[in-house]
Amino acid sequence: MILGVVKGQVYSTINHPDYDGRRILLVDRIRPDGSEDGGYLIAVDAVDAGVGQTVLIVDEGNSARQVLENPDAPIRSVIIGIVDAIEVSQAGTS
Amino acid sequence: MILGVVKGQVYSTINHPDYDGRRILLVDRIRPDGSEDGGYLIAVDAVDAGVGQTVLIVDEGNSARQVLENPDAPIRSVIIGIVDAIEVSQAGTS
Amino acid sequence: MILGVVKGQVYSTINHPDYDGRRILLVDRIRPDGSEDGGYLIAVDAVDAGVGQTVLIVDEGNSARQVLENPDAPIRSVIIGIVDAIEVSQAGTS
Amino acid sequence: MILGVVKGQVYSTINHPDYDGRRILLVDRIRPDGSEDGGYLIAVDAVDAGVGQTVLIVDEGNSARQVLENPDAPIRSVIIGIVDAIEVSQAGTS
Amino acid sequence: MILGVVKGQVYSTINHPDYDGRRILLVDRIRPDGSEDGGYLIAVDAVDAGVGQTVLIVDEGNSARQVLENPDAPIRSVIIGIVDAIEVSQAGTS
Chain A
1004 MILGVVKGQV YSTINHPDYD GRRILLVDRI RPDGSEDGGY LIAVDAVDAG
1054 VGQTVLIVDE GNSARQVLEN PDAPIRSVII GIVDAIEVSQ AGTS
Chain W
1004 MILGVVKGQV YSTINHPDYD GRRILLVDRI RPDGSEDGGY LIAVDAVDAG
1054 VGQTVLIVDE GNSARQVLEN PDAPIRSVII GIVDAIEVSQ AGTS
Chain V
1004 MILGVVKGQV YSTINHPDYD GRRILLVDRI RPDGSEDGGY LIAVDAVDAG
1054 VGQTVLIVDE GNSARQVLEN PDAPIRSVII GIVDAIEVSQ AGTS
Chain L
1004 MILGVVKGQV YSTINHPDYD GRRILLVDRI RPDGSEDGGY LIAVDAVDAG
1054 VGQTVLIVDE GNSARQVLEN PDAPIRSVII GIVDAIEVSQ AGTS
Chain R
1004 MILGVVKGQV YSTINHPDYD GRRILLVDRI RPDGSEDGGY LIAVDAVDAG
1054 VGQTVLIVDE GNSARQVLEN PDAPIRSVII GIVDAIEVSQ AGTS
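Residue numbers (this note's numbering), protein chains in the order written: chain A, 1004 to 1097; chain W, 1004 to 1097; chain V, 1004 to 1097; chain L, 1004 to 1097; chain R, 1004 to 1097.
Here it is as structure tokens:
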């Protein structure tokens, strides 16, 4: 899984019914320290994420279909969690 | 999922019947601001996309097979939507 | 899917019976303009492709297994078509 | 599979029940000599790995679901082993 | 599929029984001319490969599970063949 920050929303004319009522979000990929790495993903929202929030993304079709509870959805990337904290520890202290 | 712009069409002698009657499009990958990132994909068209249009692509086999309603198709990349707008918001404003 | 040019053949002692009688080809990845991008794939031939030909490759296991009509084959990359032409259009002209 | 070093833990509000009670770890990718390559993964812990430990990660959904003994989990990356040693040999000596 | 050279072995405490008795090899990725490209994979050995040998690797879970004849194994990368020769041809001569 990877980390990202929600940057906006994509509006797309998609005929496939599995997308009806789903928000399609633009997510910039970030490093664990919060800096952007230059990449992005277009991901379906499953947690009601807002712009500026750090999120956890699963980029795998079967995971996405499971989260959306739809075994047939043509979706690969889904936001599965809002990140509350990333705790970086020193070796030996945790 | 990723964003791209349709650049042209690939004509290929493919014997597999799942490709009969399908347009195979050349899509340049783009960043959310519309600039090209130098990569491309060859994707099957599922939305009647035209050259110059910004599209949403799913690059995963099971998604592609689902969109084409063919559980056996040897296809990985499919254009699932035409992008109408990409709205980039400021944090806290959406 | 991606584009490549067949460069040669790999001879390998593979015990798995699904490879018996299959040509394993070395394919250099190319950009749509025909220039090589520095990468390569080792792909199973399904269309009797020859050296120097531009081909269309699907790099996904379930697609490869479907092309080879073998649901159990341990194969990820398969050449599914010989490219006859890549037509790059100007926006608005197609 | 790839190698990494556990760097910390991600705390995320995930509603999907398959994540309940699972530690989500931040793992920096490393080269076989132990140096970091600049990338990272967010992986679910299946071996009670601690910060500073070198681990083996499988980055594939069906593997992750199998390790967690849950065929429906929306998880792609899982830590499957703690690395005790990486033995680099000279050709002909093993 | 991709090419690599076996460099060594990884010793890891993995509780999953599918790894019992399996050698986990360190494989440096190579280009078709034999030069290393800087990347590596950790792959399960299925062909009794030795250090220094050039091998063919399938990096896909369902392939790996098929080679190991275990539909449940949490394994993505497997060495499926030892490469005897890579024949690079000139266009038109094969």
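Cβ coordinates follow ideal geometry from the N, Cα and C atoms, glycine included.
Residue 1021 of chain W sits in a helix when the DSSP states are folded into three classes. Contact annotation: residue 1052 of chain V and residue 1028 of chain V have beta-carbon atoms nearer than 8 Å.
For chain W, the residues of the segment 1030 to 1044 of chain V that bring a beta carbon within less than 8 Å of one of its beta carbons are 1034, 1035, in chain order.
In chain order, 1028, 1030, 1052, 1053, 1054, 1055, 1056, 1058 place their CB closer than 7 Å to the CB of residue 1009 of chain R, counting only its own chain and leaving out the 5 sequence neighbours on each side. Taking 8 Å as the threshold, the shortest C-beta distance from residue 1092 of chain V to chain R does not fall below it. Counting along the chain, residue 1032 of chain R sits inside the beta strand (DSSP E) bounded by residues 1027 to 1033.
Judged by DSSP secondary structure, residue 1037 of chain L falls outside any alpha helix (DSSP H); it is assigned neither H nor E. If only uninterrupted beta strand (DSSP E) runs of at least 3 residues are considered, those enclosed by the segment 1068 to 1095 of chain A are 1080 to 1091. Looking at the DSSP output, residue 1012 of chain R bridges to L/1090, R/1028.
For residue 1062 of chain V, the uninterrupted beta strand (DSSP E) run begins and ends at 1057 to 1062, by DSSP. Counting every other CB atom within 10 Å of its CB across the protein chains shown gives residue 1074 of chain V a total below 16, marking it as exposed.
Listed along chain R, no residue sits closer than 8 Å to residue 1028 of chain L by beta-carbon distance, the nearest being about 16 Å off. Within the model, the alpha-carbon separation for residue 1061 of chain A versus residue 1017 of chain A is close to 21 Å. If you draw a 10 Å sphere on the C-beta of residue 1064 of chain A, you find 16 or more other C-beta atoms in it, and that means buried. The beta carbons of residue 1050 of chain R and residue 1083 of chain R sit closer together than 8 Å. Taking the Cα of residue 1040 of chain W as reference, the smallest distance to any Cα among W/1077, W/1005, W/1093, W/1023 is reached at W/1005. Residue burial annotation: residue 1069 of chain R is buried, with at least 16 other C-beta atoms found within 10 angstroms of its C-beta. The C-beta of residue 1087 of chain R comes no closer than 8 Å to any C-beta of chain L. Beta-bridge partners of residue 1047 of chain V (DSSP): V/1027, V/1081.
Taking 8 Å as the cut-off, the Cβ atoms of residue 1090 of chain V and residue 1014 of chain W count as close. Interface flag for residue 1023 of chain W against chain A is unset, since no Cβ pair is found closer than 8 Å. For the C-beta of residue 1066 of chain W, the chain A residues within less than 8 Å are, from N- to C-terminus, 1064, 1076, 1077, 1078, 1079. Beta bridge pairing from DSSP links residue 1007 of chain R with R/1032, R/1058. In this structure, residue 1080 of chain W places its C-beta atom within 8 Å of the C-beta atom of residue 1045 of chain W. Listed along chain R, the residues sitting closer than 7 Å to residue 1011 of chain V by beta-carbon distance are 1089, 1090, 1091, 1092. Close to residue 1083 of chain W, with beta-carbon spacing below 9 Å, lies no residue of chain V; the smallest spacing is near 15 Å. Each residue's CA atom was taken as its position, placing residue 1011 of chain A and residue 1023 of chain W some 37 Å apart. Each of V/1078, V/1066, V/1036 was checked against the Cα of residue 1088 of chain V, and the nearest Cα belongs to V/1036. Using beta-carbon distances, residue 1069 of chain A counts as an interface residue toward chain L, with a partner under 8 Å. A distance below 7 Å between beta-carbons, with the five flanking residues on each side excluded, links residue 1019 of chain R to the following residues of its chain, in chain order: 1077. Taking the Cα of residue 1038 of chain L as reference, the smallest distance to any Cα among L/1007, L/1085, L/1067 is reached at L/1007.
Within chain W, the residues placing a beta-carbon under 9 Å from that of residue 1017 of chain A are 1050, 1059, 1083, 1084, 1085, ordered along the chain.
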